[in-house]
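Okay, so here's the structure we're looking at.
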Amino acid sequence: MPMKKRTALSILLLAVAVAGAGYWIYAKGRLSHVSAMVEAEAKRERIETNRKLTALKELGEGELVHAALSSKLLAGMLDAFVGTTYRDPKGKGTVRIESLTPEFKNGYPRIVATVRAEVPDMAPETLQAEASLTHTVAADGTRVDLQLRFLGIESKRGLPRPLQEIVSAQAVEQINARLQPFRVPLPVDFTITPKESADKELNVKAAGSQLKLALTLPALPELQIRWRLLAIWFAEDGFHAAGRISADGEELKALPESQIDSDRGLDEQLARFRMPAGEDFHARVPVGPLEQIAAGISARPVEERTAMVRGVSAEGDLISKTSGLPFGKGFSASIEDVSLLKLRARLGKLETSLHENEGLDLSGRVKVDGVGRIRAQGNAPKALGVELKGGIGESATITALAVEDVVAALRPDPEDGSFVLRLAGPEDVKVKATARIYGDHDMSFNVPLPVGKEFYRFTLPPVIEKDFSIKMPKGMSPAEKHFSAAASQPTLKFGKDSFEFGGQATVVENKPE
């Protein structure tokens with residue numbers, strides 16, 4: 041080969057090599073630049089998370105509320121932004137968000153994205169992008185807003201210049217400027233409403249008689265719960281929020297300052313808030329609100345903490361004897377006009393006691409009194425060796441004695457994640473009656489109480505709002521996207537000073553009605 045041709049070929053190969061190296065250096069430099077941004081931001085976020093968790097230690101476990109949502113739920117919300125398109129103002133091309141996948145690290149809300157870049161007269165490119173979530177907690181602690189933010193668009197090879205321009209740092213800034221913050225649908229005000237048992241009929245055996253009684257329960261007050269957010273953070277298992285129970289009018293106190301400037305020990309701190317495996321939402325709430333139920337009942341007027349029992353029907357004799365003094369050949373006693381039988385149970389001050397892994401007990405003194413009539417019937421004994429025929433009898437007034445230390449058990453229902461309040465003791469109440477037939481005779485008997493019967497059920501509110509919307513970037517149609525959250529397989533358990541509930545959930549896009 042002539043020298044000139046060899047020289048030209050060498051120059052061409054050298055130019056190709058230099059160009060290839062230039063593209064490789066550009067791509068590697070671009071990748072390193074984005075990676076460096078991610079690493080620096082992740083470090084800052086981990087330090088900030090460590091500060092928050094250290095400050096939260098100032099709150100006692102008995103006042104700390106914790107709620108968590110899985111990455112899967114966050115992914116459902118981020119789907120609102122899939123399809124968002126950035127158009128270069130000079131018409132050079134477009135960048136469209138194709139997917140957003142949370143890949144949270146402990147202390148850092150990493151989002152892995154793919155985008156589709158298009159310019160006229162060129163094949164489109166699908167590229168990987170790095171994004172994260174910035175967040176803002178409202179000053180009054182009632183709301184959390186998240187903001188999707190792109191850090192950069194990466195490519196493992198060099199891009200033609202037209203594509204470079206529409207995925208440049210300036211273009212990424214323009215994309216971020218158009219993305220709207222979205223509110224995390226996390227309720228902070230909710231109500232627990234007790235529902236009375238639908239079955240108000242009691243069937244009890246009193247001595248030898250079978251009684252059917254009707255029970256009327258007092259209406260328990262609704263429980264208003266307010267909690268205010270103090271801090272949020274991200275971990276490998278999802279999004280976390282913490283706050284405190286707040287009484288009406290109570291001013292929210294900010295977290296104390298923490299001087300921590302390192303992320304050392306962060307993973308150990310996060311372990312105390314870890315969400316159980318397989319759950320998409322989880323909440324831990326102090327038992328204080330449940331104790332408020334007891335305090336609220338104790339403070340109500342006496343007529344609003346009184347249960348009533350009335351007789352419906354009675355079968356059989358309370359007492360039946362075929363012989364024996366002083367009644368000669370026979371004697372019996374039965375309820376007279378069962379509709380007149382009425383018992384009243386008045387509840388005094390309630391005390392609460394928590395049992396880990398079991399539930400909450402409410403105990404207090406209940407005073408029971410009542411009215412009713414017993415019909416006693418007997419044959420007279422022999423007089424001077426002559427047996428008298430026919431019966432004689434007398435009605436007796438029923439009274440009921442005071443009952444102390446009645447215990448009700450508030451326990452979780454594993455079927456639907458609600459609380460159920462049942463009577464735990466005592467087993468019975470003593471009813472006293474005295475008949476005056478040939479003298480005073482005690483005809484007292486015990487009426488069994490419906491131990492284990494469900495009296496009230498408390499259904500927990502959702503951790504995540506059922507219906508919510510996310511505003512879309514300006515200029516997009518529709519202006520909002522609407523979503524629904526559906527929960528299933530709830531769980532409920534008690535800890536040392538709190539109760540926890542959670543379960544699985546899905547978030548799906550739906551059209552507004």
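Using this note's numbering, you'd call the opening residue of the sequence shown number 41 and step up by one each time. Think of the CB as a built atom: it goes at the ideal place given N, C-alpha and C, for glycine as much as any other residue.
Burial state of T231, where buried means 16 or more other Cβ atoms lie within 10 Å: If you number the sequence shown from 1, residue 231 lands on position 191. Here T231 is exposed. Its C-beta has fewer than 16 other C-beta atoms within 10 Å.
Neighbourhood of L114 by C-beta distance below 7 Å, restricted to the same chain and skipping five residues each side: Position 74 of the sequence shown, counting from 1, holds the residue named residue 114. Cβ neighbours of L114 beyond the five flanking positions: P142, G278 and F279.
Reduced DSSP secondary structure (H/G/I, E/B, other) of M12: Outside the modelled stretch of the chain, which goes from 41 to 553, sits residue 12, for which no answer is possible.
Where S379 falls, given that 16 or more other Cβ within 10 Å makes a residue buried: Residue mapping note: residue 379 aligns to position 339 of the sequence shown, counting from 1. By the 10 Å Cβ count, S379 comes out exposed.
Beta-carbon proximity list for I215, same chain, < 7 Å, skipping 5 on both sides: Position 175 of the sequence shown, counted from the start, is the residue given in the question as residue 215. The residues are Y126, V135 and F190.
Span of the alpha helix (DSSP H) around M117: Here residue 117 refers to the residue found at position 77 when the sequence shown is read from its first residue. For M117, the enclosing alpha helix (DSSP H) begins and ends at S111 to L118.
Residue burial classification, D456 (beta-carbon count within 10 angstroms, cutoff 16): Mapped onto the sequence shown, residue 456 falls at position 416. With a threshold of 16 other beta carbon atoms within 10 Å, D456 falls short and is exposed.
Three-way DSSP call (helix, strand, coil) for T233 in this model: Residue mapping note: residue 233 aligns to position 193 of the sequence shown, counting from 1. In this structure, T233 counts as coil in the three-state DSSP scheme.
Where S208 sits in the DSSP three-state scheme: Taking the sequence shown and counting its residues from 1, the one referred to as residue 208 is at position 168. Secondary structure at S208: coil, using DSSP grouped into helix, strand and coil.
Local Cβ density within 10 Å of M117, reported as buried at 16 or more and exposed below that: Looking up residue 117 in the sequence shown gives position 77. Looking at its Cβ environment, which holds 16 or more other Cβ atoms inside 10 Å, M117 is buried.
F313 beta carbon less than 8 Å from that of H175: Here residue 175 refers to the residue found at position 135 of the sequence shown. Here residue 313 refers to the residue found at position 273 of the sequence shown. At the C-beta level, H175 and F313 stay beyond 8 Å of one another.
For L500, the nearest candidate out of A464, P454 and K493 (CA to CA): The sequence position of residue 500 within the sequence shown is 460, counting from 1. Distances from the CA of L500 to each of A464, P454 and K493 were compared; the closest alpha carbon is that of P454.
Residue environment, Q250, which counts as buried when at least 16 other CB atoms sit within 10 Å: Walking along the sequence shown from the start, residue 250 turns up at place 210. Q250 sits exposed, since fewer than 16 C-beta atoms from the chains shown fall within 10 Å of its C-beta.
Within 8 Å, strictly: CB atoms of L186 and F222: The sequence position of residue 186 within the sequence shown is 146, counting from 1. The sequence position of residue 222 within the sequence shown is 182, counting from 1. Contact: yes.
Coarse secondary structure for L242, derived from DSSP in three states: Your numbering for residue 242 matches position 202 in the sequence shown. Note: L242 maps to strand in three-state DSSP.
Those residues which DSSP pairs with P452 across a bridge: Locating residue 452 in the sequence shown gives position 412, counting from the first residue. Per DSSP, F459.
Rounded separation between G62 and V152 - CA only: Numbered from its first residue, the sequence shown carries residue 62 at position 22. Numbered from its first residue, the sequence shown carries residue 152 at position 112. Unreliable placement is indicated for G62, whose pLDDT of 44 sits below 50; the coordinate value is still reported in the next sentence. Between G62 and V152, the alpha-carbon positions lie close to 27 Å from each other.
P452 and G399 closer than 8 Å at C-beta: Counted from its first residue, the sequence shown places residue 452 at position 412. Counted from its first residue, the sequence shown places residue 399 at position 359. P452 places its beta carbon less than 8 Å from that of G399.
First and last residue of the uninterrupted beta strand (DSSP E) at A163: Position 123 of the sequence shown, counted from the first residue, corresponds to residue 163. Here A163 belongs to no beta strand (DSSP E), and DSSP marks it neither H nor E.
Alpha helix (DSSP H) segment containing I333, residue limits: Your numbering for residue 333 matches position 293 in the sequence shown. For I333, the enclosing alpha helix (DSSP H) begins and ends at G328 to S338.
Own chain residues within Cβ distance below 6 Å of L93, not counting five before or after: Translated into positions along the sequence shown, residue 93 becomes position 53. Cβ within range, chain order: Q309.
For P142, the three-state DSSP class (helix, strand or coil): Locating residue 142 in the sequence shown gives position 102, where the first residue counts as 1. Strand at P142.
Where the alpha helix (DSSP H) through L394 begins and ends: Counted from its first residue, the sequence shown places residue 394 at position 354. Per DSSP, L394 belongs to no alpha helix (DSSP H); it is in the beta strand (DSSP E), K382 to H395.
Beta-carbon proximity of T182 to V228, cut-off 8 Å: Within the sequence shown, residue 182 is the residue found at index 142, counting from 1. Within the sequence shown, residue 228 is the residue found at index 188, counting from 1. With respect to V228, T182 sits close: the two C-beta atoms are nearer than 8 Å.
Chain E within 8 Å of E505, Cβ atoms only: Any reference to chain E falls outside this structure, which holds one protein chain only.
Limits of the unbroken beta strand (DSSP E) element including L292: Here the question's residue 292 lines up with position 252 in the sequence shown. For L292, there is no enclosing beta strand (DSSP E), as DSSP gives it neither H nor E.
Status (buried if at least 16 other CB within 10 Å, exposed otherwise) for H395: Translated into positions along the sequence shown, residue 395 becomes position 355. Exposed: under 16 other Cβ atoms inside 10 Å.
Contact belief for P326 with D507 at Cβ below 8 Å, rounded distance in angstroms: Your numbering for residue 326 matches position 286 in the sequence shown. Your numbering for residue 507 matches position 467 in the sequence shown. Not really, about 28 Å apart at Cβ, beyond 8 Å.
Cβ-based neighbour list, L203, same chain, cut-off 8 Å, excluding 5 preceding and 5 following: Position 163 of the sequence shown, counted from the first residue, corresponds to residue 203. Here L203 has G133, A157, V159, M162 and E165 as same chain residues with Cβ atoms under 8 Å from its own Cβ, once five neighbours each way along the sequence are excluded.
Distance, F274 Cα to R304 Cα: Translated into the one-based positions of the sequence shown, residue 304 becomes position 264. Translated into the one-based positions of the sequence shown, residue 274 becomes position 234. Whole-angstrom Cα-Cα distance: 16 Å.
Contact check, V122 vs L104, beta carbons under 8 Å: What you label residue 122 is simply residue 82 of the sequence shown in a count that begins at 1. What you label residue 104 is simply residue 64 of the sequence shown in a count that begins at 1. No.
For A416, the nearest candidate out of L358, L463 and G248 (CA to CA): For the purposes of this step, residue 416 is taken as residue 376 along the sequence shown, with counting starting at 1. A416 has its Cα closest to that of L358, out of L358, L463 and G248.
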